[in-house]
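Read the structure below first, then the notes.
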Amino acid sequence: MNYLRFSLSLRSHIRGSPRFLIRHNSVAQKQLAEKVKFIGRPLQSVMVGNTKIPLNKAQSFEVEQNKLIEKHELSLFKKPGTLYEVIDKVESFMNSNYFTMRDMLHYLKDSKTDLTLLSDRQMSIIFKISGELNIKNCSKVRDSFTDKFFSLFQEKNVKFGIMGLNSYFETKLYNGNPISVTKFYELLSKYEVEPNIETFEILAENCAKNSDAKGVLDIIKIMKEVDLPATTKIFAALVEALVASDNVEKARNFILGFEKKKNAINMQTIRISFMKGLASSNKFEAFLKEMEEFNRIYISTEIPNFVLLFEPLILFAKSSNNIEHVKKIISIFATVDSELLNKFKNDVGRFYTRCLDFIYDGNILMAKFLFNILPQKYKSETDELIVKTFLEKIAQENDVQKIEREADLLREYNIIENPLLLSFSQFNKTNHKKFIELFQIFKNSKEYQLFKDRYYIIKADLFCLNAQLKVENCKENQIEIIKKMLSLANVTKEENNRRKINNVIFYLISNFMQKNIDLLEKLLKDSTKNNFKVVAVKIINNLFYAKNFEKLKKVVDIVRKNNVTIPINRKILSDINTILNNVSSSPIEISICCSILSCCFNIKTNYFSKNNTLDIVTNVLKNAHLSDASVLSMINQWADEGTILLTKSEVDDISNQLTSIGLISRIPYLEKILQKSNTVLRWLGTNDIMKLESELMFLQTLPKRENKSDISVFLRTIIVSKHLQQPQKNFEAIIEHLEKIFETNDKNLISRVEDVPTKAMRILVRENQSKFADNLWNIKNIIIDTDAALIYAFNLYLRNEIDKMDCVFDEIKSQVNTLNDKTLVLMSEYLSNATLKQMDDFSNLLQKNFHIDSKGINAFHITKLKKNFKNLLNEDKLNDAFDTAKQILSISSSTFGQIELMCKAIQTSNSKVFKDVINWVKDNNDPYAAYIDASIALLENGKHEVAKKTLENVPHIMISQRKLGFIINREVALGNVDVLKFVLNFVCDKDWSSDEMVNSILSAILNIYESQNLLSEITKFKETLDKMNFPFSVKANLMFQKYF
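Take any residue in the sequence shown, count from 1 to its spot, add 95: that is its number in our numbering.
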């Protein structure tokens, strides 16, 4: 402000001095007139720009002038070739767009353009191109160009005039990113520019935007000091600032004062400023009333006045953000035909750009309502922009509820018909994570119900489920997801799309199952057999062509185990035929191909599968190049698997063919796969218990046969055994069947289920099924092993049913008087949940009722202590576990758990316990045993180098055959091939080692690989040993020949 005072007081002194430039100009004009008079002849032509127009004809000047005007107008519609043409075009149309700003920036950057030649007015226009003249772009885009223009002017040392600086300050203010007043004063000072009235108007507008009425009054005061009159814009800014700062009455008084000066003050501008103040301070009622009054006075008489309300409306929409209030205000605008606004293109364009700011700020709903005022062409232009902005907004939004609310609003107000459908579709190929997130929101919305049976929705649902399947670790949850995928198979009604969907479903499931073979059996239990077949066939096809025989064997075993017949395509059957008839085929290939044939052959299978399988079997039998042993092994496998069964006529036909080619010796093989009519075999081969139960009900309706056993009871023996094998056991059915079986007192029938009551009792007590345990014990003539009876007695003891327990003891005593240690160990293994006190009390009861030697009592306690030892280890209580191991030693006189203790000590970095255990083993066994056990613990925890040094530092260390057997059994149980390989390398070159020791280690390694179906690892292991020149014994060579 002080700068303004100083500069304007300076100007006021200059006002009194003569105007040199004006005087000089008048002198120059006088001299020119005298010169023309001296020449004494009229002008024959005149130069307009670079064009010389002759004046020798009466109408020639007018014609040529029209031509020039037309030429100039045409040039305005062409792409500008220079910076000045851009300015010319802007001045002609008084508007700009993105391309105008881009062209201007291009020419400003051009090194050929001399920016110092620009006039102050031209610089002013350049800034306005990115400000009030722009009718197409949002403020963010405009402001970026404003900054670029200003930076280029500063880089090229262009001297600003007052018009240029005013325009820069005003443009920044218009774009909503004003520079500070201090910086503006610095620019005025830097370029030694004197402010003018327009400067004060812009500063006043800036104060009004900040509701700073005092700032506006200060500006008016300064203007009076420097003898400058306050303009309508200044007073309008004062009114706006007063209203915005809640001084409404004061503002009204000012307006009443202005009413007396109507000739000097534009009252429309004052009224608009009053409304702007109300709008920016969110005074809805007052603002609405003022808008209606303005509409009545001004708009009803003159349409151009309508566009004056755009600015207040925008300000209110920003401050209020209340859709209903804005709708109410917009209803005023409905009185004007929006198509009439086409005549006011620039005003409408500026309003359009302000509406765009709402879109880019994410307030799409507000923007859409504001756009309703505009002509139709503007509305259509914004649709794509609204969609684009909505997608950008949700791409950055992680709050599900916010996305749902935004979509609901867009749908409710009919801005986007199906926003969620649109949104997740856009992210299908660009952002899979966002796509899945949005699809889940879509599934929970109303939109999903309208489109859920559409092909692309089902496919998207499958994609999301597949993504969930890949990250899910829980097997049960994985099966649930797969079931959901399968449920989508028949959602769509269109046949072609249904086929496509099914292909996608089974492709995704089979690919996943191929990597998770263990889920295949769960799929059979939780889905239809047909679904299982399709998935199994796809997996078998993939694994067969990939020659992944290890996994293929697992899949085929699951299919056979569950007695599922699968269809195999012609190509695979042809390849199987080639493999089985090839002399050089490996045993594993032959075995798997035989199993695949067993899976696809069934008496009830279709003609194609059955005949093709029969042809392959016939070809194998007729192949003279195959040895009899090889053919017999295949026939034996088919016989064991029990599905390839030939009829008598088929066997006779093959026998005739074998006779004709002289292979009579193979005819007896056919007897193994000849179909025999045996009801018992059918029952034994049926896994569907409900089917057997139905058949049992039918058999019970048949009349009893004299002097013959009841066939229905025989079937019960099969059913009850199958019940016991089920994961979810039906104890009620088991007890019912056992009652019927033991009721017959038929020794042959009872012998078939003699182990069932014992197994059932163990399970019932373990699962705390006391009621069923009582019912089982009370079955007449029931036979239960002593250990299971003792378990039941202990269950009664825990239930405090002592009388029943005594009866059980009496029943046991009627059979045996002495309880040996084996019986007690078996019993104690089923009492893991009992406390030590309960065990001690029950032990005393046993000693009172039975003869038990000390060895038996110790065995009873050792089992409990061993279980306690494992629990303590799992809880990382090493010291307590160590004390328990010492207790076991005191009873059994042999160390226990030393390797487990040392392993846990290594895992928890407890070196003290590790050393204490070594010393403990040394004291009770021998130093060799201590260091061997320590080495095994180190090996099991991957510390091979430390284990090697430990063994090498003990001179003359030896491993006995017994100790080696213990190590082998332990590592086979754990599946630790690497430990056994280390032990093999350590043992094989020692003087004290034997072929038997080496062979036992080799056999253990091979058995682990075979059990894990890692046959390829056996090949690698053999190759490694060959490179080491490993001394194979004859027995060792035979072991490996089995696999090659």
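We put the CB at the ideal spot given by N, CA and C, even for glycine.
Contact annotation: the stretch 224 to 233 touches the stretch 264 to 283, with at least three C-beta pairs closer than 8 Å. Within the same chain, Ile-957, Leu-960, Lys-961, Phe-964, Phe-991, Gly-992 come within 8 Å of Ile-983 by CB-CB distance, once the 5 residues on both sides are set aside.
Collapsing the DSSP output to three states places Leu-741 in a strand. With contacts defined by Cβ atoms closer than 8 Å, Phe-369 and Val-338 form a contacting pair. In terms of CA proximity to Arg-1057, Ser-1088 leads the group Phe-1009, Ser-1088, Glu-250. Distances from the CA of Phe-245 to each of Ile-220, Gly-444, Ile-297, Asn-969 were compared; the closest alpha carbon is that of Ile-220. Contact between Val-654 and Ile-663 fails: their C-beta atoms lie close to 11 Å from each other, not under 8 Å. With contacts defined as CB atoms closer than 8 Å, Asn-890 and Phe-837 fail to qualify as a contacting pair. When DSSP states are grouped into helix, strand and coil, Asn-707 belongs to the helix group.
Under DSSP, Ser-846 takes part in no beta bridge, so it has no partner.
Excluding sequence positions up to five before and after Glu-745, its CB lies within less than 7 Å of the CB of Leu-709, all in the same chain and listed in chain order. Annotated as proximal: Ala-1029 and Met-997, with beta-carbon spacing under 8 Å.
Approximately 6 Å separates the beta-carbon atoms of Ala-1000 and Leu-973; this is inside 8 Å, confirming the contact. One Cα belongs to Asp-548, the other to Glu-589, and the distance between them is close to 9 Å. If you draw a 10 Å sphere on the C-beta of Gly-176, you find fewer than 16 other C-beta atoms in it, and that means exposed.
In the three-state reduction of the DSSP assignment, Leu-758 falls in the coil class. Uninterrupted beta strand (DSSP E) stretches at least 3 residues long and entirely within the stretch 245 to 272 do not occur.
In this structure, Tyr-202 is the residue among Tyr-202, Cys-689, Ser-415, Arg-811 with its C-alpha nearest to the C-alpha of Lys-251. Within 10 angstroms of the beta-carbon of Cys-450 lie 16 or more other beta-carbons, which makes it buried. From the listed residues Met-362, Tyr-602, Pro-407, the smallest Cα separation to Leu-383 is found for Pro-407.
Contact annotation: Leu-581 and Asn-626 have beta-carbon atoms nearer than 8 Å.
Residue pairing from DSSP places Leu-769 in a beta bridge opposite Leu-741. Residue state for Ser-376 is assigned as coil, using DSSP reduced to three classes.
Shown here for Asn-390: same chain residues with a beta carbon closer than 6 Å to its own, the five before and five after excluded, namely Ile-427 in chain order. Contact check for Lys-646 against Ile-687 fails: the beta carbons are separated by 8 Å or more. Assignment of beta-bridge partners to Asn-229 by DSSP yields Ser-191. Residue environment for Gly-757: exposed (fewer than 16 other C-beta atoms within 10 angstroms of its C-beta).
In this structure, DSSP gives Asp-242 a helical state, which the three-state scheme calls helix.
In the displayed model, Phe-1125 falls within coil according to three-state DSSP, outside both helix and strand.
As the crow flies, the alpha-carbon of Ile-577 is around 19 Å from that of Asn-637. For Asn-672, the enclosing alpha helix (DSSP H) has its first and last residue at 665 to 675. Exposed is the label assigned to Val-1129, since fewer than 16 other Cβ atoms lie within 10 Å of its Cβ.
Put simply, the backbone Cα of Ala-336 is about 13 Å away from that of Leu-410. With a cut-off of 8 Å on Cβ pairs, the stretch 280 to 290 is not in contact with the stretch 301 to 319, counting fewer than three such pairs.
Contact between Val-903 and Ala-888 holds: CB atoms are separated by about 4 Å, below the 8 Å threshold. For Asn-1102, the secondary structure class from DSSP, reduced to helix, strand or coil, is helix.
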